[in-house]
Amino acid sequence: MTRAYNFCAGPATLPEEVLRQARDEMLDWQGSGMSVMEMSHRSDEFVSIAETAERDLRELAGVSDDYAVLFMQGGASSQFATIPLNLMAADGSADYVNTGIWSKKAIAEASRYGKVNVVASSEEGGFTTVPDQSQWDCSVEASYLHYTPNETIGGLEFDFVPDSGPVPLVADMSSTMLSRPVDVSKFGLIYAGAQKNIGPSGLVTVIIRKDLLGHARRETPTMMNYQVIADNGSMYNTPATYSWYLAGLVFKWLKAQGGVEAIGQLNQRKASKLYNFIDDSDFYANPIAPRFRSWMNVPFTLAEDSLNNDFLAGANARGLLNLKGHRSVGGMRASLYNAMPEAGVDALIDYMAEFARERG
Ligand code: PMP
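For the sequence shown, the residue numbers in the working numbering are 84 to 443.
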């Protein structure tokens with residue numbers, strides 16, 4: 084068996100050790116006589132899996148008891164509606180920063196529920212930078228300030244946490260969660276779809292400051308009410324049990340790697356290698372302002388678009404998969420999440436060098 088290097092933006096590559104453990108436990112989880120997939124979510128076995136995962140996530144991300152940790156469903160996209168329904172009064176407003184396609188989706192959805200102020204945008208320049216915070220037109224009246232620390236499609240990543248003063252800061256960390264240390268105490272709410280750095284799709288993790296619970300609008304669907312989910316230990320209904328279990332295995336794996344400090348250093352090294360190679364080449368290019376280049380998602384173009392298909396075919400033949408850029412931006416994109424080994428980045432760079440030599 085040979086495993087390919089999978090550069091997909093999500094669902095993304097998972098640590099091989101995790102997959103092996105899941106395989107070994109597939110038919111009989113720790114003597115229970117059944118797979119985790121077949122267990123009642125109310126059983127002692129599953130409750131212990133769920134609680135251990137939450138404890139490990141709290142430890143990895145440094146989440147204090149002032150916060151609830153929720154394991155929800157519906158992906159990060161359903162949070163785009165869940166957040167305003169829980170945090171914004173019907174006659175209230177929220178501030179949003181627009182740095183790319185995922186910001187825009189969050190803005191469009193929130194606009195259905197109240198007044199959204201786009202306090203800063205880098206759209207005019209093609210989302211290649213983050214607007215300087217001194218220029219943001221924020222309001223202290225806003226129910227919250229929302230931003231997207233890592234734009235998965237554009238490959239744009241904040242290198243700072245915005246200062247929102249007394250206004251709760253809300254972050255879509257889908258593609259940056261657990262990739263580097265973050266001071267959770269600066270946030271009101273952090274959410275992340277699991278299928279990048281956490282586990283399989285079907286799960287979204289939400290970290291919410293407890294004083295923000297209990298303010299949902301009357302019409303909020305029960306399944307979207309943070310207070311209900313928190314009161315029921317994320318088991319108001321049947322949760323995505325297998326995804327939750329696999330997330331727990333990923334958390335254990337990440338702890339064994341040395342946690343977010345160690346993985347952050349590795350992620351920075353992996354990304355720098357690739358960006359340095361791109362910058363040194365006159366065949367490949369990345370348009371993002373260097374300070375805001377994502378460690379997780381590296382989009383790049385070839386000297387001529389007509390070479391894209393040949394590049395992808397050659398990459399596939401070497402087991403370097405899913406390098407095609409998002410349909411909205413074209414070109415290529417290499418996603419380098421926590422589980423992508425440095426050897427995968429080295430193999431990609433070797434191939435890119437060879438392709439440029441032969442076709443450049
Ligand atoms: N936000 C960001 C930053 C993302 O990268 C994604 C998925 N690529 C989403 C939101 C949407 O996530 P989901 O598909 O889980 O709804």
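A virtual CB, placed ideally from N, CA and C, is assigned to each residue, including glycine.
Item, Value
"Around the Cβ of V381, are there at least 16 other Cβ atoms within 10 angstroms (buried) or fewer (exposed)?", "buried"
"Going by other Cβ atoms of all chains shown within 10 Å of its Cβ, with 16 needed for buried, is R416 buried or exposed?", "buried"
"What whole-angstrom Cβ distance do P245 and L170 have, given they're in contact under 8 Å?", "With a Cβ gap of about 17 Å, P245 and L170 do not count as contacting."
"Taking one C-beta from the segment 323-342 and one from the segment 138-148 each time, how about it: are there three or more such pairs within less than 8 Å?", "yes"
"Here's a check: name, in chain order, each residue in its chain whose Cβ is nearer than 7 Å to the Cβ of D362, leaving out the five neighbours to either side.", "none"
"What does E240 pair with, by DSSP beta-bridge criteria?", "N233"
"State buried or exposed for L419, treating a residue as buried only when at least 16 other CB atoms are found within 10 Å of its CB.", "buried"
"Just reading off the alpha helix (DSSP H) that S326 is part of, what are its end residues?", "324-339"
"Tell me the DSSP secondary structure of D365 in three-state form.", "coil"
"Following the continuous beta strand (DSSP E) through N200, name the residue where it begins and the one where it ends.", "198-204"
"Using a threshold of 8 Å, is the CB atom of N89 nearer than that to any non-hydrogen atom of the ligand NAP?", "The ligand NAP is not among the ligands present in this structure, which contains only the ligand PMP."
"Which full runs of the beta strand (DSSP E) of 3+ residues lie inside the segment 218-302, going along the chain?", "228-230, 252-255, 272-276, 287-292"
"S222 and V199 - do their beta-carbons sit closer together than 9 Å?", "no"
"Among residues of its own chain, excluding the 5 on either side of F438, which ones have a beta-carbon nearer than 7 Å to its beta-carbon?", "F394, G397"
"What I want to know is whether the C-beta of S290 ends up closer than 8 Å to one or more non-hydrogen atoms of the ligand PMP.", "For clarity, residue 290 is Ile in the given sequence; the question names Ser instead. Incorrect: I290 has no Cβ contact closer than 8 Å to the ligand PMP."
"If the criterion is Cβ atoms closer than 9 Å, does the pair H229 and V180 meet it?", "yes"
"Closer than 8 Å to a non-hydrogen atom of the ligand PMP - does that hold for the CB of V287?", "yes"
"Do you know how far the Cα of C91 is from the Cα of I432?", "16 Å"
"Could you check what DSSP says for R475 in three-state terms: helix, strand or coil?", "The question about residue 475 has no answer here: the residues shown for the chain are numbered 84 through 443."
"Any contact of the segment 98-110 with the segment 296-312, i.e. 3+ C-beta pairs under 8 Å?", "no"
"Please identify the residue among L329, G342, V213, G238 whose C-alpha is closest to the C-alpha of S262.", "G342"
"Below 8 Å, how does it come out for the segment 172-192 and the segment 316-325: are there three or more Cβ pairs, yes or no?", "no"
"Identify every residue that forms a DSSP beta bridge with L403.", "Y88"
"Which runs of the alpha helix (DSSP H) fall wholly inside the segment 141-206 and span at least 4 residues, in chain order?", "158-170, 184-193"
"Determine the direct distance from the alpha carbon of Y325 to that of R440, and round the result to whole angstroms.", "45 Å"
"Is any heavy atom in the ligand PMP found nearer than 8 Å to the beta carbon of D362?", "no"
"Where do the N-terminal and C-terminal ends of the alpha helix (DSSP H) with L102 fall, by residue?", "99-107"
"Can K279 be considered in contact with the ligand PMP, in the sense that its beta carbon sits closer than 8 Å to one or more heavy atoms?", "yes"
"Quick check: what's the CA-CA separation for D365 versus P424?", "26 Å"
"Using the rule of at least 16 other Cβ atoms within 10 Å of the residue's Cβ for burial, across every protein chain shown, is S226 buried or exposed?", "buried"
"Which residue wins for smallest C-alpha separation from S284, given the options A173, L329, G248?", "L329"
"Please report the residue range of the beta strand (DSSP E) in which F210 lies.", "That residue, F210, is in no beta strand (DSSP E); it is neither H nor E in DSSP."
"Just to confirm my understanding: we take D294, look at its own chain, exclude 5 residues before and 5 after, and list those with CB closer than 7 Å. What are they?", "none"
"Apart from the five residues just before and just after N449, which ones in its own chain have a Cβ nearer than 6 Å to its Cβ?", "Outside the displayed span of the chain (84 to 443) sits residue 449, for which this structure offers no information."
"Mind checking which residues open and close the alpha helix (DSSP H) that includes L110?", "No alpha helix (DSSP H) contains L110, which DSSP labels as neither H nor E."
"To the nearest angstrom, how far is it from the Cα of L385 to the Cα of L357?", "14 Å"
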